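Residue numbers (numbering that gives the first Met the number 0): 0 to 183.
Backbone N, C-alpha and C fix where the C-beta goes; we use that ideal spot for every residue, glycine too.
Computed from a predicted model, the values in this text were never measured in an experiment.
Below is one structure, written out as structure tokens, with a few remarks after it.
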Amino acid sequence: MELVIKGHHVEVTDALRDYADKKVGRVVRNVDGVIETQVELSVNKNPSVPENQIVEVTLFAKGTVIRAEVSTESMYASLDLVADKLERQIRRYRQKLQGHDRHNRQKTATAVAAEPMVEAVEEVEREIVRTKSFPVLAMSPDDAAVQMELLGHNFFMFINQFTSQVNVIYHRKDGNYGLIEPTA
């Protein structure tokens, strides 16, 4: 597993590098199939933003990408919090995988269940916390699939060069691609 630590508007000192390796490395070492982990330390130069010490961690593992980002007034506090957040996301990811395994075993089992299984759904209030803007380019769906793979994303929005409409290509659970086309 490779741990890459980068700085943006901040010098990554040996002490900071060691602390990031200790905190993030501890969490990541327990995950199977990790290919690379990127830790980006940055400082927002805007004086009106009090929580300007930002840590973003991106973990690349066997077909999945897990990201966590935290900003506080201290780089060390941000590293502590991002490690905790990453640990929670990894735990949730493992539970999701275990749920899929359990679901697949139930499908193949021949036992008859008297009552349908009901999973508890935790209600969480969600809000839009980040907005991204990017140019939407005209390309074929095949080119969009290649671009999505190169970026390591689960979906990719593009303008279909054949229909001149905005389309979305995405990864399906069966390993293939899906294409979303709007209708009038």
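Alpha carbon of residue i to alpha carbon of residue j, nearest angstrom
i: V26; j: L78; result: 12 Å
i: H8; j: V42; result: 6 Å
i: R171; j: F161; result: 23 Å
i: L80; j: R90; result: 15 Å
i: R28; j: L40; result: 20 Å
i: E50; j: M147; result: 32 Å
i: E86; j: A67; result: 9 Å
i: A14; j: E1; result: 19 Å
i: P181; j: E10; result: 47 Å
i: L149; j: D142; result: 11 Å
i: T130; j: G6; result: 22 Å
i: R125; j: Q94; result: 20 Å
i: P115; j: G98; result: Confidence at P115 is low in this model, with a pLDDT of 42, below 50, so its placement is unreliable and no value can be given for it.
i: Y18; j: T12; result: 10 Å
i: S47; j: P140; result: 43 Å
Neighbourhood of residue i by C-beta, 6 Å cutoff - its chain only, sequence neighbours within 5 removed
i: V3; result: Q37
i: V167; result: F154, M156, I179
i: S163; result: none
Inter-residue CB distance, residue i and residue j (contact presumed, cutoff 8 Å)
i: G151; j: V33; result: No, G151 and V33 are not in contact; Cβ-Cβ is about 14 Å, not under 8 Å.
i: N153; j: Y169; result: 6 Å
i: L136; j: F157; result: 6 Å
i: A144; j: Y92; result: Actually they are not in contact, since the Cβ atoms of A144 and Y92 sit about 24 Å apart, beyond 8 Å.
i: S70; j: I53; result: 4 Å
Beta-carbon contacts of residue i that lie in its chain and below 8 Å, excluding the five residues immediately before and after
i: R16; result: I4
i: V30; result: L58, A60, I89
i: N45; result: N51
Proximity to residue i [Cα-Cα], best of the options
i: A82; options: P134, V56, E72; result: V56
i: Y75; options: K44, D20, E35; result: D20
i: V165; options: Q94, E126, M138, R93; result: M138
i: Q88; options: S73, P140, N45, V23; result: V23
i: L96; options: K61, E126, V128, R125; result: K61
i: E35; options: Y18, P46, L58; result: L58
7 Å Cβ shell around residue i - same chain, five flanking residues per side excluded
i: K84; result: A67, V69
- Along the chain, which unbroken stretches of the beta strand (DSSP E) at least 3 residues long are found entirely within the region 36–63? The region 36–63 contains, as complete beta strand (DSSP E) runs of 3+ residues, the segments 52–60 (chain order).
- Message: Which runs of the alpha helix (DSSP H) at least 4 residues long sit entirely within the region 120–151? Give them in chain order.
- Response: Uninterrupted alpha helix (DSSP H) stretches at least 4 residues long and entirely within the region 120–151 occur at 140–150, given in chain order.
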